[in-house]
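*Asks:* Residue numbers (our numbering), protein chains in the order written: chain P, 1 to 227; chain A, 1001 to 1227.
The beta-carbon is built from N, C-alpha and C at its ideal position, and this holds for glycine as well.
A single structure is presented below for examination.
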DNA sequence: CCAATAAATGAATGGCATTCATTTATAACC
DNA sequence: GGTTATAAATGAATGCCATTCATTTATTGG
């Protein structure tokens, strides 16, 4: 009988009860897999992240991975949880609410704009098996509550901000000429004029201007809800 | 020599100049492919949308598709452009600006929440080859301009709204218990309390409450920019 | 009638995640 | 200290996928 795949949820190392002996020399574990996956992603991008390549970088057969991970999506969840810990929530409870939200949202977008292939997975996956992601939510929720946010609106506000962040993360990776209408420019004069007009402004990356515009509107709007 | 793949951009049917004869009985064209793809998606979902299945539903060999389409991503772009025409922009120039934006954003989200696998593709693909998508942008841009929006901010505002819409489209498909912290609930008390508190309110779908909250904040914030 | 060519075929390619019967090595238990 | 349960690793196989390409078919303009 093949070894049962462990639950994807991280259990504190060594806490599992056993009925009989087992080998100590575990070549593989979830931390090692996560680290190797991150290296692979940074070296070859998400196209290079295959179960075969991951196994190869760990000096192991592909099938060995499945003793530690239920599926490739499970690997992606491990990566996501690692990244969640890099999102800056340190300003909550220290700086004013609006500044804290600003810091959080910008860093959240910056982290995941390099990892957009994770978004379809994480936007829909239960948070229960991602402890660091949960910790991020806890910090943000506590910050909202301390700032006098009505309790029943906190989750909705976070969900809305997160939706904006995820969408904006894609936008960061859009090519510069994404709005070039090309041959059809004549047929969309208002649009073309607005695109050209924006190009004249040389303040910052267009994607950052749009993110700032939307984020400030959300912060202002949500700020008014505080008691 | 194999037939050169036509540019993914739709050319008005029959407008291509030719130097010599060619067969009339074209079994396949981009419209037929788009329709078949939509049927397949609605019947089997995006997992069922394979080039083989698509060819099968058209009574054709898979390789025949590549005479009309450069790649599978090209098929997805055709589908996207079809869906863009279903987004409701009819209120721009008719109803007040805020009502028009509201109608547009809700219908945009509703259409693409059934087609989230398109989002990673369209968020990053040049708009030049998607005429109906361009038409949507044109209508929205014109609506913003007529409402007195400063020209240099129109595209940024649309990009921000679109980011929010795409993120929210994912959220629609999230399972109800996505925020259940499970075993780790003790460690995230503020978050768990806020999740429970929201669950007490039985007004509407949580995803709709969050979307409304964010959208109204964006509309209010952007509305203040009008001259 | 001929030449050019768009469109379709069917076989092949290389890659992918995942499964499974089997082997290996450990450590708990008597 | 031998026995045994079992976690972990192997390597071969499976079935699916998008895409390519040499070839054939059918059509029409000249």
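Return the CA-CA distance between residue 131(P) and residue 1096(A), expressed in angstroms with no decimal places.
*Replies:* Against the first chain, residue 131(P) aligns to sequence position 131. Against the second chain, residue 1096(A) aligns to sequence position 96. Looking at the two C-alpha atoms, the distance is approximately 46 Å.
*Asks:* Helix, strand or coil for residue 67(P) per DSSP?
*Replies:* Locating residue 67(P) in the first chain gives position 67, counting from the first residue. Correct three-state label for residue 67(P): coil.
*Asks:* Using a Cβ-Cβ distance under 7 Å, would residue 197(P) count as near chain A?
*Replies:* In the first chain, the residue the question calls residue 197(P) occupies position 197. Answer yes: the Cβ-Cβ gap between residue 197(P) and chain A drops below 7 Å somewhere.
*Asks:* Which residues, in order along the segment 1145-1168 of chain A, keep a beta-carbon less than 8 Å from a beta-carbon of chain P?
*Replies:* For the segment 1145-1168 of chain A, which is checked against every Cβ of chain P, the residues closer than 8 Å are 1145, 1151, 1152, 1153, 1154, 1155, 1156, 1157, 1159, 1160, 1161, 1162, 1163, 1164, 1165, 1166, 1167, 1168.
*Asks:* Quick check on the DSSP output: what are the complete alpha helix (DSSP H) runs of length 4 or more inside the segment 66-112 of chain P, in order along the chain?
*Replies:* Counting only runs of 4 or more, we get 72-84.
*Asks:* Pairs of beta-carbons, one from the segment 71-87 of chain P and one from the segment 33-44 of chain P, closer than 8 Å: are there three or more?
*Replies:* Contact between the segment 71-87 of chain P and the segment 33-44 of chain P is present, because at least three Cβ pairs lie under 8 Å.
*Asks:* Can you pull the chain P residues whose beta carbon is under 7 Å from the beta carbon of residue 1180(A), in chain order?
*Replies:* Here residue 1180(A) refers to the residue found at position 180 when the second chain is read from its first residue. Those are 126, 128, listed as they occur along chain P.
*Asks:* Along the alpha helix (DSSP H) that carries residue 1211(A), what are the first and last residues, could you check?
*Replies:* Taking the second chain and counting its residues from 1, one reaches residue 1211(A) at position 211. 1206-1223 is the span of the alpha helix (DSSP H), which, as asked, contains residue 1211(A).
*Asks:* Hey, out of 186(P), 218(P), 71(P), whose CA is closest to residue 1161(A)'s CA?
*Replies:* Taking the second chain and counting its residues from 1, one reaches residue 1161(A) at position 161. Cα-wise, what sits closest to residue 1161(A) is 218(P).
*Asks:* Can you tell me which of 1158(A), 1139(A), 1202(A) puts its alpha carbon nearest to the alpha carbon of residue 1239(A)?
*Replies:* Residue 1239(A) is absent from the structure shown; chain A starts at 1001 and stops at 1227.
*Asks:* Going by beta-carbon coordinates alone, are residue 1226(A) and residue 1169(A) separated by less than 7 Å?
*Replies:* If you number the second chain from 1, residue 1226(A) lands on position 226. If you number the second chain from 1, residue 1169(A) lands on position 169. Going by C-beta atoms, residue 1226(A) is not nearer than 7 Å to residue 1169(A).
*Asks:* Between the alpha carbons of residue 32(P) and residue 214(P), how many angstroms are there, rounded?
*Replies:* Start at 1 with the first residue of the first chain, and residue 32(P) comes out as number 32. Start at 1 with the first residue of the first chain, and residue 214(P) comes out as number 214. So the two alpha carbons sit approximately 38 Å from each other.
*Asks:* Compare the C-alpha of residue 223(P) against each of 185(P), 100(P), 80(P) and name the closest.
*Replies:* On the first chain, residue 223(P) is found 223 positions in, with the first residue counted as 1. Cα-wise, what sits closest to residue 223(P) is 100(P).
*Asks:* Do you know how far the Cα of residue 1167(A) is from the Cα of residue 122(P)?
*Replies:* Here residue 122(P) corresponds to residue number 122 of the first chain, with the count starting at 1. Here residue 1167(A) corresponds to residue number 167 of the second chain, with the count starting at 1. Approximately 11 Å between the Cα atoms of the pair.
*Asks:* Exposed or buried, residue 86(P), counting other C-beta atoms within 10 Å across all chains shown (16 or more means buried)?
*Replies:* Sequence index remark: in the first chain, residue 86(P) carries index 86 (1-based). By the 10 Å Cβ count, residue 86(P) comes out exposed.
*Asks:* Return the residue from the list 127(P), 207(P), 151(P) that minimises the CA-CA distance to residue 1184(A).
*Replies:* On the second chain, position 184 is the one that residue 1184(A) refers to. Closest option to residue 1184(A), Cα to Cα, is 127(P).
*Asks:* With 16 other CB atoms within 10 Å as the buried threshold, where does residue 1138(A) fall?
*Replies:* For the purposes of this step, residue 1138(A) is taken as residue 138 along the second chain, with counting starting at 1. By the neighbour-count rule (16 or more Cβ atoms within 10 Å), residue 1138(A) is buried.
*Asks:* Look at the Cβ atom of residue 84(P), then the Cβ atom of residue 103(P), and state whether they are nearer than 7 Å.
*Replies:* As a working note, residue 84(P) is residue 84 in the first chain. As a working note, residue 103(P) is residue 103 in the first chain. The answer is no: Cβ separation not under 7 Å.
*Asks:* Could you check whether residue 1120(A) and residue 1046(A) sit closer than 7 Å to each other, using their CB atoms as the reference points?
*Replies:* Looking up residue 1046(A) in the second chain gives position 46. Looking up residue 1120(A) in the second chain gives position 120. Not closer than 7 Å, so no.
*Asks:* As a quick exercise: from 1058(A), 1129(A), 1067(A), pick the residue whose alpha carbon is nearest that of residue 1082(A).
*Replies:* Here residue 1082(A) refers to the residue found at position 82 of the second chain. Answer by Cα proximity: 1129(A).
*Asks:* Figure out for me which residue from 172(P), 164(P), 57(P) has the closest Cα to the Cα of residue 1171(A).
*Replies:* Residue mapping note: residue 1171(A) aligns to position 171 of the second chain, counting from 1. Out of 172(P), 164(P), 57(P), 164(P) has the C-alpha closest to the C-alpha of residue 1171(A).
*Asks:* Whose Cβ in chain A lies nearer than 8 Å to the Cβ of residue 222(P)?
*Replies:* What you label residue 222(P) is simply residue 222 of the first chain in a count that begins at 1. Going along chain A in sequence order, the residues near residue 222(P) (Cβ under 8 Å) are 1213, 1217.
*Asks:* Quick one: Cα of residue 1211(A) to Cα of residue 1196(A), how far?
*Replies:* Position 211 of the second chain holds residue 1211(A). Position 196 of the second chain holds residue 1196(A). In a straight line, the C-alpha of residue 1211(A) is about 19 Å away from that of residue 1196(A).
*Asks:* Could you give the DSSP three-state label for residue 58(P): helix, strand or coil?
*Replies:* Position 58 of the first chain, counting from 1, holds the residue named residue 58(P). Looking at residue 58(P) - three-state DSSP - the assignment turns out to be coil, as it is neither helix nor strand.
*Asks:* Taking all protein chains shown into account, do 16 or more other C-beta atoms lie within 10 angstroms of the C-beta of residue 203(P), making it buried, or fewer, making it exposed?
*Replies:* By 1-based counting over the first chain, the position of residue 203(P) is 203. So residue 203(P) ends up on the exposed side.
*Asks:* Using only the alpha-carbon positions, how far apart do residue 1216(A) and residue 1050(A) sit?
*Replies:* Translated into positions along the second chain, residue 1216(A) becomes position 216. Translated into positions along the second chain, residue 1050(A) becomes position 50. Approximately 39 Å between the Cα atoms of the pair.
*Asks:* Against residue 209(P), what residues of chain A qualify as contacts under a CB-to-CB distance less than 8 Å, listed in chain order?
*Replies:* As a working mapping, residue 209(P) is identified with position 209 in the first chain. The contacting residues are 1156.
*Asks:* Just to confirm, is the Cβ distance from residue 65(P) to residue 55(P) under 7 Å?
*Replies:* Your numbering for residue 65(P) matches position 65 in the first chain. Your numbering for residue 55(P) matches position 55 in the first chain. The answer is yes: Cβ separation under 7 Å.
*Asks:* Alpha carbons only, please: which of 1207(A), 1114(A), 1148(A), 1151(A) is nearest the one belonging to residue 1044(A)?
*Replies:* Position 44 of the second chain, counting from 1, holds the residue named residue 1044(A). Looking at the Cα atoms, 1114(A) is the closest of the given residues.
*Asks:* For residue 1198(A), count neighbouring C-beta atoms within 10 Å of its own C-beta (all shown protein chains included) and say buried if the count is 16 or more, exposed if not.
*Replies:* Working through the second chain from its first residue, we reach residue 1198(A) at position 198. Burial call: buried.
*Asks:* DSSP three-state label for residue 1180(A), please.
*Replies:* Counted from its first residue, the second chain places residue 1180(A) at position 180. The answer is coil: DSSP assigns residue 1180(A) none of H, G, I, E or B.
*Asks:* Counting only C-beta atoms, is residue 92(P) closer than 7 Å to chain A at any point?
*Replies:* For the purposes of this step, residue 92(P) is identified with residue 92 of the first chain, where counting begins at 1. Chain A, which has no Cβ nearer than 7 Å to the Cβ of residue 92(P), makes this no.
*Asks:* Between the alpha carbons of residue 191(P) and residue 107(P), how many angstroms are there, rounded?
*Replies:* The sequence position of residue 191(P) within the first chain is 191, counting from 1. The sequence position of residue 107(P) within the first chain is 107, counting from 1. Going by the C-alpha atoms only, they are around 31 Å apart.
*Asks:* Under a three-way DSSP split, which group does residue 3(P) fall into?
*Replies:* What you label residue 3(P) is simply residue 3 of the first chain in a count that begins at 1. Low confidence applies here, because residue 3(P) scores a pLDDT of 37, under 50, leaving its location unreliable; read the following figure in that light. If DSSP states are grouped into helix, strand and coil, residue 3(P) belongs with coil.
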